[in-house]
Every structure is written in C-alpha cells, then in structure tokens.
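First to last, the protein sequences are chains A and B. The opening position of the first sequence corresponds to residue 6 in this note's numbering, with each subsequent residue numbered one higher. The opening position of the second sequence corresponds to residue 318 in this note's numbering, with each subsequent residue numbered one higher. The structure under discussion appears below in the form of structure tokens.
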Amino acid sequence: MALSRENIINLVLALLLLVVPVAASQMGQPFTVTLATRIAVLALAATGLNIALGLGGLVSFGHAVFFGIGGYAAGILASHVFSGEPMMFGFEGSNQMPVIWIFAVIACGLAGLAIGAISLRTSGVYFIMITLAFAQMIYYFAISWPAYGGEDGLSILVRNQFPGINTMLPLSFFLLCYGVLIACIGLFALLRGSRFGAALQAARQNEVRVAAVGISPYGIRLAAFVVSAMMTGLAGALYADLNKFVSPSMLSWHMSGELIVLIILGGTGRLFGPVAGAMLYVIFEFALGGLTERWQFFLGLILLGVVLFARGGLIGLLAGKARHD
Amino acid sequence: MLLEVQDITTFYGSSQALFGVDLSVAEGEVVALMGRNGMGKSTTIKSICNLMPPKSGHIAFAGQATAKLPPHKVARLGLGLVPEGRRCFQNLTVHENLVAAARPGAWTLKRVNDLFPRLDERHAQMARSLSGGEQQMLAIGRALMTNPRLLILDEATEGLAPVIRQDIWRAIRSLKEDGLSILVIDKTLSELLPMADRCVILENGRSVWSGQPQALTSDLQDRYLGI
Chain A
6 MALSRENIIN LVLALLLLVV PVAASQMGQP FTVTLATRIA VLALAATGLN IALGLGGLVS
66 FGHAVFFGIG GYAAGILASH VFSGEPMMFG FEGSNQMPVI WIFAVIACGL AGLAIGAISL
126 RTSGVYFIMI TLAFAQMIYY FAISWPAYGG EDGLSILVRN QFPGINTMLP LSFFLLCYGV
186 LIACIGLFAL LRGSRFGAAL QAARQNEVRV AAVGISPYGI RLAAFVVSAM MTGLAGALYA
246 DLNKFVSPSM LSWHMSGELI VLIILGGTGR LFGPVAGAML YVIFEFALGG LTERWQFFLG
306 LILLGVVLFA RGGLIGLLAG KARHD
Chain B
318 MLLEVQDITT FYGSSQALFG VDLSVAEGEV VALMGRNGMG KSTTIKSICN LMPPKSGHIA
378 FAGQATAKLP PHKVARLGLG LVPEGRRCFQ NLTVHENLVA AARPGAWTLK RVNDLFPRLD
438 ERHAQMARSL SGGEQQMLAI GRALMTNPRL LILDEATEGL APVIRQDIWR AIRSLKEDGL
498 SILVIDKTLS ELLPMADRCV ILENGRSVWS GQPQALTSDL QDRYLGI
C-alpha cells in the first residue's frame, strides 16, 4: 500500500496513541495512561459502529446496547467468580478476559442478529428509531434487574486477568486495549477491501442495483450489523474492566449518540476516523471538563462546525476528501 | 426456452404500464425488444427481473417461475441486467464494481478485462470519473461477472459517442458468438437487426409483433418504430 496522505496521518495517530501513554507512564503519570486507554476503548467501540454506519450507511442509534452487553458480560462473569455462586449449569463465571471476550462477542452477535433482523426491514429514520427502541428496552431491563445491581450498576472489584499480562498495571492494560484496537482496525480494513465490503458499500448507494446483480441487500447488511455489534461488544467488555464498573448508563441512548459523535468528529467510514474522533472527544472532555460542567455545550459547537464545514471529520480535514464520498 | 414471458400486466401504482406482453428467449438466442419511447420496453425488463413484479401473467426463467422470488434471487437464476443509463456503483472503483458482483463461472475478472481493455487500464479509478462509454462497459462487465445465462441490455448504446458505440456493438457481437443468450433494447436498427435472431415489438404496453428481423418490413418499421 502506498503511503498516501491519509496513511501517513493514520500512522501518526497510531504512534501518537502509543507513545504518549508509554512516555506518561515513564514519567509517573498514570492518569494520562487511563485517558489513553479510554480513547483506545471508545475508538474500538466506534470502529465497530463504523462498519455499520461508515461502510453500510446504517445509522444505528442503538449501538450502546452492544457496548452495554459487552460490559455486563465482563461484570456478570466476574461477579460470580467473586461471590462464589455458580452462574448457571454449574458454570462458575470467569475472571479471564479471553473467556469474557468470547462471551461478550457471542452475546452481542446474537443480540445483533435479533435486533438487525427486525430493524433492517426498515430504513432511514425508521431504522434509527427502531434501533433506539431496542436499546431503550434493554436499558430499562438492566435498570430493573436487581440481581446484577439494577440502577446502581455492578462493580468489578478486581480487574479481570489476561494470561501473561498484569492487567492491574495501567500501562499493561492500555497496551492490551491498544493491541485489540489495532487488530480490529486491521479487520475493518480487510472487510472494507473485500468483496463483502464492496457489496456493502454498493448497497449503501443503491440497493436495487445490488439486487440486480444477485446480492441480497438485506443479507449483506445483516452480516455487517452483526460484525459491527460484536466489535462494539468487545469494546464494552474492555470498558467495564477499565472503569471496574458497569452500569445501565453504558446502555443508554447518550452512549449510542456518543459513538455516532465520535465517528462524525473523526470522519465517517475512514479507517482511523474513530481513533481521531475518540482522541478529540476525550481530550475535550478532559480539558474543558476541568473548566466547566457544561463542556458538552462546546462539544456541540465543534460538532456543528464539523457537520457544516468539514463533512469528512478530522481525517477529512487533514487528508482530504474520502475516496468513497 | 430459457426465458418465457406470458401475458404479463404491470402497474406503476394505479396506472397500468403493461397490458399483456409475450416474449421468449431461447438458449443462445439474441432477441431485440423494440418499440417507441414509453411503450413499455424498460418496464418489461424490470418485470422480468422482478424489480417491478407483474400483477398478472407468468414469467419463467430456466423453467422456474420467478413470481415469488425477490429480485436478487431472480438475478441468481442467471439474469444479468445492464440497466438503462449505465448505472454503475459510483462510489466504488472499477475493480470493486466488478468483484462486488462476481459469481463463479467462466467469466472472470481477466476475461472481462480482455473484452474491455479500457476497464483494465482504469481499474483503480472511481466509477463516477469514467466517461459514459466506459461506464457502459463497466455495467456490461459487472453483469458478465455474475456469469449470467441471459444478458439483458436496456438501451445498450443510447447517448454514447459513435466510436464508443462501435466498441460496444463489437463486444455484444462477440458475446453472441460465444453463445450467450441476449435480450437487447436499442434504437440503432442498423446494428441491432443484423445481429438479432428475433425481434419483439411493443406498442402501448402490448407485444404486437414478433418475428425474424428479415420479416420486419419498412412498412412495419414505419408503423411501430417511426417517429
């Protein structure tokens, strides 16, 4: 692959996200490492959404469902290990991240299949509303489920473990999240460049023409939605471990909106759009959040500016118009 | 018969566009679908592909009734449509347009590129940046990549420069020589008639004449095709 301007920017972003926390850790600033971890995890969640939204043009306003399910997978499995009560069928839960991730990804895949199968029968504003409706259903279900904390949420007392890595160290945990993020960005690039990705983007442009060449627009979108849900779910599991806490707020529509905002800020459909968006968002939240509680007002202004004057987001601003725009 | 269309009627909402169209294409046959503008040629093709399902009548492709199949399943039976207006996927490259449609068979990327070397030269270019003629080549190439048993060309050369038209006709003739069945709409009778095995003429949404091109006298041409 030639080093186009966008590739150079992507490389710089990837290195920046790696070097800053490593340096901060050396200088004894664990809080910066935690911020970077937050960026990596949110970017991962948004990369998942970017498959549906950026490639497929599916504006899912309910992706927090998958983020939350992933989070609860981590919280619930860990809580059973801690309490010693078996979960079901004698299974005792797990505090091992690989096991948790598999649970999270499978649960989100199934949820994505069910929600997608129904939602994708609609399009446009109805699709947005029906994904939101599903998300709200699960949100209220979590609130009224006392077994796992209900509205108060569920604490993960000790961060879950990963073989060979001390996840208690902020930098180690960051590197783990960073590795997962880069792997998933690689998967995104593979998908985008594949026949599947071409057909998905073709369906976004014109579904009748896609059907005329023998591809089911519904089938291909459903597949994309499921993969998208799985990736966002994996991010949810990491997010729960980052905060050592999971609550219904991970499932709320604010969270769904936040993921969309990240993508729009960074650049819809762009490989590193979610990373750029998450960086902007978290840095903003940190810098302005210290000055005023109303930092989201200023975020709103920036979003307005991006939507009006820089439709390609930060990546579009730096690297020029997307090939696929 | 590869394609059999019997007495179909099709509606746009409440207004009727087809009032009884009969049409058939045999294996290896080239059939020209003719008629003035607005007589129902494109609607017939959309009905065949189930993009506009007919209200009554019967369509079968390779012996299978298409009425209950969604459009993508009809296409998978072996219908390769080149839609009117050279409709490529504008937001994809030439290469992506071709591979997105690919289904296994004799037609591969290489064979399409051999048929239209220009597509090979422009493989990394966005479809929207191609000239009209190149877009038509891409639309035909995309249909061939699905390895169809019947290629349907809706306005094969309309609006193209004369030089490009020659390229397209040459390609269509070579497809005919390969034995591909083709259903083609076009207004250039001088190219169409020597190539067609049979002609079907539509008027006001009805098939009114069908026969060999030699039998299409100038009287008939004046009556049904003249302006």
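Glycine included, C-beta positions come from ideal geometry on N, C-alpha and C. Here the structure is a predicted model, which is why all the values come from computation and not from measurement.
Item, Value
"Residue closest to A:Leu227, alpha-carbon to alpha-carbon, out of A:Thr127, A:Ala242, A:Gly121", "A:Gly121"
"Start and end residues, alpha helix (DSSP H) containing A:Trp300", "300 to 314"
"Minimum C-alpha distance to A:Pro26 - residue among A:Leu308, A:Phe178, A:Trp300, A:Gly191", "A:Phe178"
"Cutoff 9 Å: B:Pro400 Cβ touching any chain A Cβ", "yes"
"Proximity of A:Thr136 and A:His85 at Cβ, strictly below 9 Å", "no"
"Pick from B:Thr327, B:Glu494, B:Ser448 that is closest to B:Ile481, judged by C-alpha positions", "B:Ser448"
"B:Ala377 - partner residues in DSSP beta bridges", "B:Glu321, B:Ala382"
"Chain A contact residues for B:His389, given Cβ-Cβ distances below 9 Å", "Val215, Ala216, Ala217, Val218, Gly219, Ile220, Ser221, Pro222, Tyr223, Gly224"
"CA nearest to the CA of A:Ala45, picked from A:Val70, A:Gly59, A:Pro91, A:Ile288", "A:Ile288"
"Where A:Ala51 falls: helix, strand or coil (DSSP)", "helix"
"Burial state of A:Ala28 (16 or more Cβ within 10 Å)", "exposed"
"C-alpha distance - B:His389 paired with B:Lys363, whole-angstrom precision", "13 Å"
"Neighbour flag for B:Thr361 against chain A, beta carbons, 9 Å", "no"
"Short-range partners of chain A found in the segment 416 to 430 of chain B, where Cβ spacing is below 7 Å", "Val416, Ala417, Ala418, Ala419, Arg420"
"Opposing strand residues paired with A:Ser160 [DSSP bridges]", "A:Phe250"
"Beta-carbon proximity of A:Gly191 to A:Ala79, cut-off 9 Å", "no"
"Sub-9 Å separation of B:Leu500 and B:Val348 beta-carbons", "yes"
"Assigned exposure category for B:Thr463 - 16 Cβ within 10 Å defines buried", "buried"
"Status (buried if at least 16 other CB within 10 Å, exposed otherwise) for B:Ser332", "exposed"
"Extent of the continuous alpha helix (DSSP H) to which B:Cys516 belongs", "Note, B:Cys516: premise wrong, no alpha helix (DSSP H); beta strand (DSSP E) at 515 to 520."
"Three-state class that DSSP yields for B:Ile362 in the structure shown", "helix"
"Under the three-state DSSP convention, the category B:Gln442 falls into", "coil"
"Coil, strand or helix - A:Leu22 by DSSP", "helix"
"Under 8 Å from the C-beta of B:Thr298: neighbouring residues of chain A", "This structure does not reach residue 298 of chain B, given that chain B is present from 318 up to 544, and the question cannot be answered."
"Within chain A, the residues that B:Ala392 reaches when beta carbons sit closer than 9 Å", "Ala216, Ala217, Val218, Gly219, Ile220"
"DSSP bridge partner residues for B:Leu468 (one or two, in chain order)", "B:Gly397, B:Ile499"
"Alpha-carbon to alpha-carbon, B:Gly330 and B:Arg515", "32 Å"
"Close Cβ partners of B:Gln407 (< 6 Å) along its chain, the five nearest in sequence each way excluded", "Ala444, Arg445"
"A:Ala207: contacting residues in chain B (beta-carbon distance under 7 Å)", "Phe406, Leu409, Ala417"
"Burial state of A:Thr52 (16 or more Cβ within 10 Å)", "buried"
"Beta-bridge partners of B:Met351, as assigned by DSSP", "B:Ile518"
"Interface residues of chain A facing B:Arg459 [CB-CB closer than 8 Å]", "Val218"
"CB contact check: A:Asn12 to chain E, cutoff 9 Å", "Included in the structure are the protein chains A and B, with no chain E among them."
"C-alpha distance - A:Val17 paired with A:Thr127, whole-angstrom precision", "40 Å"
"Range of the contiguous beta strand (DSSP E) that encloses A:Ser149", "Run containing A:Ser149: none; DSSP gives neither H nor E here."
"Paired residues, beta bridge with B:Val338 - DSSP", "B:Ile325"
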